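Since the structure comes first, as C-alpha cells, the remarks are kept for the end.
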Amino acid sequence: MSFKVAVCQLKVTEDKKNNLTRAGEMIRQAAARGARLVALPEMFNCPYLSHLFPRYAESYPDGESIAMLSAAARQGKVYLVGGSIPERDGDKVFNTSFIFGPDGRLLGRHRKVHLFDVDLPGGLRVKESSTLGAGNQVTVIPTEMCPVGVAICYDVRFPELIRLMALKGAKLIVIPAAFNMTTGPAHWELIFRTRAVDNQVYFIGASPARDVRAAYVAYGHSLVVDPWGRIVSGAGEAEEVVLADIDLDLVEKVRQDLPLLRHRRLDLYSLAGNNFNGSDRWC
Numbered sequence: 001m002s003f004k005v006a007v008c009q010l011k012v013t014e015d016k017k018n019n020l021t022r023a024g025e026m027i028r029q030a031a032a033r034g035a036r037l038v039a040l041p042e043m044f045n046c047p048y049l050s051h052l053f054p055r056y057a058e059s060y061p062d063g064e065s066i067a068m069l070s071a072a073a074r075q076g077k078v079y080l081v082g083g084s085i086p087e088r089d090g091d092k093v094f095n096t097s098f099i100f101g102p103d104g105r106l107l108g109r110h111r112k113v114h115l116f117d118v119d120l121p122g123g124l125r126v127k128e129s130s131t132l133g134a135g136n137q138v139t140v141i142p143t144e145m146c147p148v149g150v151a152i153c154y155d156v157r158f159p160e161l162i163r164l165m166a167l168k169g170a171k172l173i174v175i176p177a178a179f180n181m182t183t184g185p186a187h188w189e190l191i192f193r194t195r196a197v198d199n200q201v202y203f204i205g206a207s208p209a210r211d212v213r214a215a216y217v218a219y220g221h222s223l224v225v226d227p228w229g230r231i232v233s234g235a236g237e238a239e240e241v242v243l244a245d246i247d248l249d250l251v252e253k254v255r256q257d258l259p260l261l262r263h264r265r266l267d268l269y270s271l272a273g274n275n276f277n278g279s280d281r282w283c
C-alpha cells in the first residue's frame, strides 16, 4: 500500500491569525496535491520563545487554532498532524500536537515529553520548563493507512521513546520540530535518518521555515526519510509544501531483509511500556 504525505514548512510570525490563515492555505494546497496525511511544524501558531507560550496558549476544544485544524482536516479530507501549539490545561501549559482525522474528529494528542532546557554553543539558551509542563504518554495514532507515531522535536533525541512507538506498530513517525541554527546543521538530517534506520519506519521532520529576523531562528529543511535511511523528499529554508510517497511494502521488505526488531536479545534487555513513567500510557 502506498499513499502521499505532505509537510507544510510554514514561516511563523508573531501574528497568530496570520499564522493560522497561512497554515490553512498550505493544508489546502497539500490536500489538492493528493496528500492523505499532512503535518505542520512545532509551535506553528506562535514564535518559538518560552516566555510567549502562555500568552498564545489555548484550551481544548475551544481554541481558535484547534478549531482551524479540525476544519482544515475535514475540508481537505486528510489526516492532520497539527504541528504543535501551546495548550493550556488548568494552570499548566503544554507543547501539544493535536491529530485529527479526515472527518475533523480529534484522534489524539501528544504533549512533548522531553522539555528542551539547554545552553548551547554560541550563547543560545532555551528553558522550556520555565513555562511548560511535560507530557507522559507514548503516542501512536490508528489511521486507515497504518499506525502513525507522533512526538515533538527534542523527543526525537531519546531512542527509547521512538522504539516504543515502533513496538506499538507505528510504520510512520511524524516529528513536528524546530531545530535551530546550532543543532540543525549538526544533527537534523543525521538524527532523522538514524531513527528511521533503527526502527525501520518512515520518518517525517516538520520544521518551520527559516526567518533570520526572528529571535529564535529555525533551521528549516523539513524532510521525509524512508526505512532504509534515504531522504525521499526535503525542503530548503523557505516556505514550502513538501510531498512524498509512503510505500508500506518497503517497510515490510526492509524488516524482512534486515530483521532488526526480531533480532533483539530480550533475554539480555527489554523496553517495556510499563517502564515508561511508571505506567502503560498509550494514546
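At position 87 of the sequence shown the residue is numbered 87 (UniProt numbering), and the sequence of numbers has no breaks.
Backbone N, C-alpha and C define an ideal beta-carbon position, used for all residues, glycine too.
Note that this is a predicted model, so its numbers are computed, not measured.
### Task
Would you give the residue range spanned by the alpha helix (DSSP H) that D249 belongs to?
Along the sequence shown, read from residue 1 onward, the residue named residue 249 stands at position 249. D249 -> alpha helix (DSSP H) spans 248-257.
### Task
Determine the burial state of T131: buried for a count of at least 16 other Cβ atoms within 10 Å of its Cβ, exposed for fewer.
Translated into positions along the sequence shown, residue 131 becomes position 131. The residue is buried, with at least 16 neighbouring Cβ atoms inside 10 Å.
### Query
Under three-state DSSP, which class holds N95?
For this step, residue 95 is matched to residue 95 along the sequence shown. DSSP places N95 in strand when its eight states are reduced to three.
### Buried versus exposed, by CB contacts within 10 Å (16 or more), H51
As a first step, residue 51 is located in the sequence shown; it is residue number 51 there, counting from the start. With fewer than 16 other Cβ atoms within 10 Å, it is exposed.
### Buried/exposed call for residue 314, threshold 16 Cβ in 10 Å
For the chain, the structure presents residues 1 to 283; residue 314 sits outside this window and is missing.
### Message
For the beta strand (DSSP E) containing T139, name the first residue and the last one.
### Response
Mapped onto the sequence shown, residue 139 falls at position 139. Where T139 is concerned, the enclosing beta strand (DSSP E) stretches over 139-141.
### Query
Which whole-angstrom value describes the C-beta separation of V242 and A6, a residue pair presumed to lie in contact below a C-beta threshold of 8 Å?
Start at 1 with the first residue of the sequence shown, and residue 242 comes out as number 242. Start at 1 with the first residue of the sequence shown, and residue 6 comes out as number 6. Indeed, because the Cβ distance is near 7 Å, the residues count as touching under 8 Å.
### Query
Can you tell me whether DSSP reads H263 as helix, strand or coil?
Position 263 of the sequence shown, counting from 1, holds the residue named residue 263. It is coil, neither helix nor strand.
### Query
Under three-state DSSP, which class holds F100?
Within the sequence shown, the letter at position 100 stands for residue 100. The answer is strand: DSSP assigns F100 an E or B state.
#### Entry: Residue span of the alpha helix (DSSP H) that contains E87, given as start and end
Within the sequence shown, residue 87 is the residue found at index 87, counting from 1. That residue, E87, is in no alpha helix (DSSP H); its beta strand (DSSP E) goes 85-89.
### Query
For the segment 30-46 against the segment 249-260, are there 3 or more C-beta pairs whose distance is under 8 Å?
no
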